[in-house]
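Residue numbers (our numbering): -15 to 333. Have a look at the structure below, then the notes.
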Amino acid sequence: MEYAITITPQAERQVKDTTSIPFGQQPTEHMFIAEYKDGEWHNSRIVPFTNLSMSPFALCLHYGQTVFEGMKAFLMNDGRVNIFRMDKHYDRFTKSLERMCMPVVPKGLFNEAMHQLIQLDSNWIPNDEHGSLYVRPFMIASEDRLGVKISDEYLFMIVCTPAYQYYAKPLKVKVEDKYARAADGGTGFAKCGGNYGGAYYPTKLAKEQGYDQVIWTDSKTHEMIEESGTMNLMFFIDNTLLTPPLSGTILDGITRDSLLTLAKEMGIATDVRPIAHKEIQAALEAGKRVEAFGAGTAAVIAPIETIAIGGKEYNCYTGEDATMYKLQKALYNVRKGMATDTHNWNYII
Ligand SMILES: Cc1ncc(COP(=O)(O)O)c(C=O)c1O
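Okay, structure coming up:
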């Protein structure tokens, strides 16, 4: 089914040099917007990027009914544009929306909006080794009613920003043993705004102690490793790629899934199971070579250089021959069209 989207192009379209602009500060020229009212989506349109106007009573401003996605479009080596794993991002968006009692966006509308918007602003996609277009679909509760209730009205929008390397250097992280990001039965698996707001305070404390990020642990025992910031966590120990399972408290990361799939194809052993931080500590204490890294759309792979466990700091391996870089390269090759896309991950415009 095709969806009607009206397009109002920007009068003057000029692409800026965005290389020196920090992540998330430069919108592209257009945005997509659709309104949900009376049980239906209306008025789907692409317009020049602009501010929103809403009532201070709007429900999203008070009770946290907001959901978002973070995905990327790439300029392939042959010049075509590729939206990476659009279907899986759509599925996760849907799961998050259902958890937050928000209306699902019809898949045809989501795909059509992505296609039209990214095509229109494709000249903003950096053609740089670490460059891509970061694409942010999101939904907010827009009904103006100052009361705790499920909203009857919503806005679904998509905005984009050019993106480059997210972290300039390997990370220094600490295993969090007091605060928790998510609990069993909560919203940890959903990409809803509140999960991020709640993570700020412990992360701020960690930053004051000289760390870039915290590694979240389970809320009951603080013994089992979960994820970190906006990334899933992966380790490479004893020739095996290790990562915690999707327990409901961590996000079902698309980078995590892609790397696990590619690792298997590359003949790398993978093990998805609960991981105690004591186990990582024991490996480091024993002098084993331990690779640790975050995996996420924004950062792709963020090598961890220093990890603090139980207040003691350890060094992880980040040498050039590390397996994480081989995985990163394999992912890069698929996205850029330099390796066969055997899983239909690339949606080519
Ligand atoms: C909390 C959290 N965990 C993990 C991830 C990694 O997920 P993905 O690889 O789909 O970007 C993200 C980023 O979206 C995140 O926000």
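The beta carbon of each residue, even a glycine, is placed where N, CA and C say it ideally should be. These numbers were taken from a predicted model, which means no experiment stands behind them.
Are the CB atoms of K175 and E24 nearer to each other than 8 Å? The answer is no: Cβ separation not under 8 Å.
Chain-ordered list of residues that sit, by beta carbon, closer than 5 Å to a heavy atom of ligand 1: Qualifying residues come out as G54, E211, T214, N216, L235, G237, I238, T239, G280 and T281.
Which one or two residues does DSSP pair with D128 in a beta bridge? Note: D128 sits in a beta bridge opposite A42.
Determine the DSSP secondary structure at P154, reduced to helix, strand or coil. In this structure, P154 counts as coil in the three-state DSSP scheme.
I(-9) and L104 closer than 8 Å at C-beta: Yes, these two residues count as a Cβ contact at 8 Å.
Check whether chain B comes within 8 Å of T290, counting only Cβ atoms and requiring the distance to be less than that. The structure shown contains no chain B; it holds only a single protein chain.
Nearest-angstrom Cα distance between A253 and K204? Roughly 30 Å separates the two Cα atoms.
Cβ separation of I199 and V157, assumed to be a contact under 8 Å, to the nearest whole Å: Right, their Cβ atoms sit about 5 Å apart.
Where does L244 fall in DSSP's three states? Secondary structure of L244 (DSSP, three-state): helix.
If I follow the unbroken alpha helix (DSSP H) through S80, where does it start and stop? Unbroken alpha helix (DSSP H) run through S80: M70 to R83.
Would you kindly check if the distance between the Cβ of I17 and the Cβ of E96 is under 8 Å? Judged by beta-carbon spacing, I17 lies beyond the 8 Å limit of E96, meaning their Cβ atoms are not closer than that value.
Nearest to A57 (by Cα), restricted to the options F122, N328 and K320: For A57, the closest C-alpha among the options F122, N328 and K320 is that of K320.
For Y138, the residue or residues it bridges with in DSSP: Y138 is bridged to Y20 and A125.
N- and C-terminal bounds of the beta strand (DSSP E) containing V256: For V256, the uninterrupted beta strand (DSSP E) run begins and ends at A253 to V256, by DSSP.
Best match in L217, D305 and I234 for proximity to R165 [C-alpha to C-alpha]: Closest option to R165, Cα to Cα, is I234.
Measuring CB to CB, does T214 end up less than 8 Å from A282? Yes. Within cutoff.
Looking at the secondary structure, which residues open and close the beta strand (DSSP E) in which V198 lies? Per DSSP, V198 belongs to the beta strand (DSSP E) from Q197 to I199.
Assign I221 to buried or exposed, taking buried as 16 or more other Cβ atoms, counted over all protein chains shown, within 10 Å of its Cβ. By the 16-neighbour rule on beta-carbons within 10 angstroms, I221 is buried.
Considering only the alpha carbon of each residue, which of A286, D71, K91 and T224 lies closest to F332? The question names Phe, yet the displayed sequence has Ile at residue 332. For I332, the nearest C-alpha among the options comes from D71.
Closer than 6 Å by C-beta to A183: which residues in its own chain qualify, once you throw out the five before and the five after it? Chain order, please. Correct list, in chain order: R165.
Using only alpha-carbon positions, find the residue among D62, D1, G131 and F77 that is nearest to P40. When each option's Cα is compared against that of P40, the closest is G131.
How would you label A42, buried or exposed, when you count the other beta carbons within 10 angstroms and need 16 or more for buried? Buried, because 16 or more other Cβ atoms sit within 10 Å of the Cβ of A42.
Please work out which residues of its chain come closer than 6 Å, Cβ to Cβ, to N317, disregarding the five sequence neighbours upstream and downstream, and give them in chain order. Around N317: A323.
Comparing alpha-carbon positions, which option in I109, T302, Y163 and I142 lies nearest N66? The closest CA to that of N66, considering only I109, T302, Y163 and I142, is found on I109.
In three-state terms, what does DSSP make of Y148? When DSSP states are grouped into helix, strand and coil, Y148 belongs to the coil group.
Could you pull the start and end residues of the alpha helix (DSSP H) that K313 belongs to? First-last of the alpha helix (DSSP H) with K313: T307 to R319.
Using the Cα positions of H46 and D128, report the straight-line distance between them to the nearest angstrom. H46 and D128: Cα-Cα distance of roughly 11 Å.
The alpha helix (DSSP H) with K91 in it runs from where to where? It spans K91 to L104 - the alpha helix (DSSP H) in which K91 sits, taken as one unbroken run.
Do you know whose CA, among T326, E275, Q10 and T290, lies nearest E304's CA? Of the listed residues, the one whose Cα sits closest to E304 is E275.
Nearest-angstrom beta carbon gap, A147 and L101 [assumed within contact, 8 Å]: Contact between L101 and A147 is absent: CB atoms are separated by about 16 Å, not below the 8 Å threshold.
Can you tell me where the alpha helix (DSSP H) with I264 in it begins and where it stops? H261 to E269 is the span of the alpha helix (DSSP H), which, as asked, contains I264.
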